[in-house]
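Engineer: Sharing a structure below in structure tokens format, with a few things to ask.
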Amino acid sequence: MSGLNKMSSLYSARDKKKKKVFWNKERLNRKLRKAGPLSMAPKRNNIIPNCHFHKDWQRYVRTWFNQPARKQRRRNKRQVKARQVAPRPLGKLRPIVRCPTFKYNTKQRLGKGFTLEELKGAALNPKYARTIGIAVDYHRTNKSMESLQQNVQRLKVYKSKLILFPLKTAKPKKTDSTPQEIALAQQMKGVVMPHIPKARKEKARGISKRQKKYSCFNALRRERAIARTWGMRAKKAKEAAEDAAVTGKK
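If you read the sequence shown in full-length UniProt numbering, its first letter stands for residue 1, the second for the next number, and so on.
This is the structure in structure tokens:
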């Protein structure tokens, strides 16, 4: 009887445990139903988010509430400077350069500064050029005669239009402008001598017989064949020249 009692007590303990587990699952399901639909797991092979929000982060928050006021202060300073140097232009004269890389080198834009060679062509000293509003770039070099001549002409046009105020009104220099020219000076607005690209428009024309017969496919194939076999052709031409030289001696 004692053994049967033990067995019955064991079964009852197991049943109670099963009921407890079942009851815990039911409670969990009820909580999940109240919480609503679960969010999906994060995608791709990224770092598993495991943030530690245990710091006193409010001490380390930085704000920039003075940003709008500083913006206004900088603007006011620029206006004061413009009034002081008026009618001097705020910007400098920049050269016309080609855009870098093969993709954009057909376009032109304003560069950083004029080269020493360009300033020499316009009879200007680099130090003096910087004092009259001309930007100087000591690193850039001229790669073509066209760009050199274009920027030299640009400097000459700028010099012809320039009105120089004397540093000392009592002792004006020869290079300074006359009082009549100074009276005509006006405040410069915008970019100094901006670059305006000239758009070339092709005129309508008839298609010739040669253009109709031309095939891009055949032309590309021909050029590829020449590039592929130029070594063999050069070798054959060299051997033929040597044979001709030998036969000529005989």
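Even glycine gets a Cβ: it sits at the ideal position worked out from N, Cα and C.
Identify the continuous beta strand (DSSP E) that holds residue 96 and give its terminal residues.
Structural biologist: Reading the sequence shown from its first residue, position 96 is the one you call residue 96. Counting along the chain, the beta strand (DSSP E) containing residue 96 begins and ends at 96–98.
Engineer: Which residues mark the beginning and the end of the beta strand (DSSP E) in which residue 205 is found?
Structural biologist: In the sequence shown, counting from the first residue as 1, residue 205 sits at position 205. Residue 205 -> no beta strand (DSSP E), and no H or E assigned at all.
Engineer: Pairing CB atoms from the region 65–74 with CB atoms from the region 160–175, are three or more of them under 8 Å?
Structural biologist: No: fewer than three Cβ pairs fall under 8 Å.
Engineer: I need the straight-line Cα distance from residue 165 to residue 206, nearest angstrom please.
Structural biologist: As a first step, residue 165 must be located in the sequence shown, where it is residue number 165. As a first step, residue 206 must be located in the sequence shown, where it is residue number 206. One C-alpha to the other measures close to 58 Å.
Engineer: Classify residue 87 as buried or exposed, calling it buried when 16 or more other Cβ atoms lie within 10 Å of its own Cβ.
Structural biologist: Within the sequence shown, the letter at position 87 stands for residue 87. Answer is exposed; the Cβ neighbour count stays below 16.
Engineer: So within the region 198–239, which uninterrupted alpha helix (DSSP H) runs reach at least 4 residues, ignoring any that extend past its ends?
Structural biologist: Listed in chain order, they are 209–213.
Engineer: Just curious, the alpha helix (DSSP H) that residue 109 is in, first and last residue?
Structural biologist: Translated into positions along the sequence shown, residue 109 becomes position 109. Careful: residue 109 lies outside any alpha helix (DSSP H), inside the beta strand (DSSP E) at 108–110.
Engineer: Quick one, are the C-beta atoms of residue 122 and residue 92 less than 7 Å apart?
Structural biologist: Here residue 122 refers to the residue found at position 122 when the sequence shown is read from its first residue. Here residue 92 refers to the residue found at position 92 when the sequence shown is read from its first residue. No. Outside cutoff.
Engineer: Quick one: grab the DSSP three-state call for residue 136.
Structural biologist: Taking the sequence shown and counting its residues from 1, the one referred to as residue 136 is at position 136. Residue 136 falls in the strand class under three-state DSSP.
Engineer: Rank 42, 82 and 41 by C-alpha distance to the C-alpha of residue 190 and give the top, closest one.
Structural biologist: Counted from its first residue, the sequence shown places residue 190 at position 190. Of the candidates 42, 82 and 41, the one whose C-alpha sits nearest the C-alpha of residue 190 is 82.
Engineer: DSSP state of residue 268, grouped into three classes?
Structural biologist: Look at the range of the chain in this structure, 1 to 250, and you will see that residue 268 is not part of it.
Engineer: If you follow the alpha helix (DSSP H) that residue 128 is part of, which residue opens it and which one closes it?
Structural biologist: In the sequence shown, the residue the question calls residue 128 occupies position 128. Here the alpha helix (DSSP H) through residue 128 covers 126–131.
Engineer: Would the region 208–221 and the region 102–118 be scored as touching if the rule is three or more Cβ pairs under 8 Å?
Structural biologist: No: the two stretches stay apart, fewer than three of their Cβ pairs being nearer than 8 Å.
Engineer: Helix, strand or coil for residue 164, going by three-state DSSP, please let me know.
Structural biologist: Taking the first residue of the sequence shown as position 1, residue 164 is located at position 164. Residue state, collapsed to three classes: coil.
Engineer: Mind checking whether residue 151 and residue 95 have CB atoms under 7 Å apart?
Structural biologist: For this step, residue 151 is matched to residue 151 along the sequence shown. For this step, residue 95 is matched to residue 95 along the sequence shown. Contact: yes.
Engineer: Which value, in whole angstroms, describes the spacing of the CA atoms of residue 170 and residue 141?
Structural biologist: Start at 1 with the first residue of the sequence shown, and residue 170 comes out as number 170. Start at 1 with the first residue of the sequence shown, and residue 141 comes out as number 141. Cα to Cα, the separation comes out at about 41 Å.
Engineer: Exposed or buried, which one is residue 154 when buried takes at least 16 other CB atoms within 10 Å?
Structural biologist: Taking the first residue of the sequence shown as 1, we reach residue 154 at position 154. With 16 or more other Cβ atoms within 10 Å, it is buried.
Engineer: Would you tell me roughly how many angstroms separate the C-alpha atoms of residue 102 and residue 113, rounded to the nearest one?
Structural biologist: Position 102 of the sequence shown, counted from the start, is the residue given in the question as residue 102. Position 113 of the sequence shown, counted from the start, is the residue given in the question as residue 113. Taking the straight line joining both Cα atoms gives about 22 Å.
Engineer: Confirm, please, whether the CB-CB distance from residue 163 to residue 266 is below 7 Å.
Structural biologist: Residue 266 lies beyond the residue range present for the chain, which begins at 1 and ends at 250; the question has no answer from this structure.
Engineer: Sorted by chain position, which residues of the same chain lie with C-beta nearer than 7 Å to residue 182's C-beta, five sequence neighbours on each side aside?
Structural biologist: Locating residue 182 in the sequence shown gives position 182, counting from the first residue. Same-chain partners within the cutoff: 163 and 165.
Engineer: In whole angstroms, what separates the C-alpha of residue 232 from that of residue 246?
Structural biologist: On the sequence shown, residue 232 is found 232 positions in, with the first residue counted as 1. On the sequence shown, residue 246 is found 246 positions in, with the first residue counted as 1. Their backbone Cα atoms lie some 21 Å apart in a straight line.
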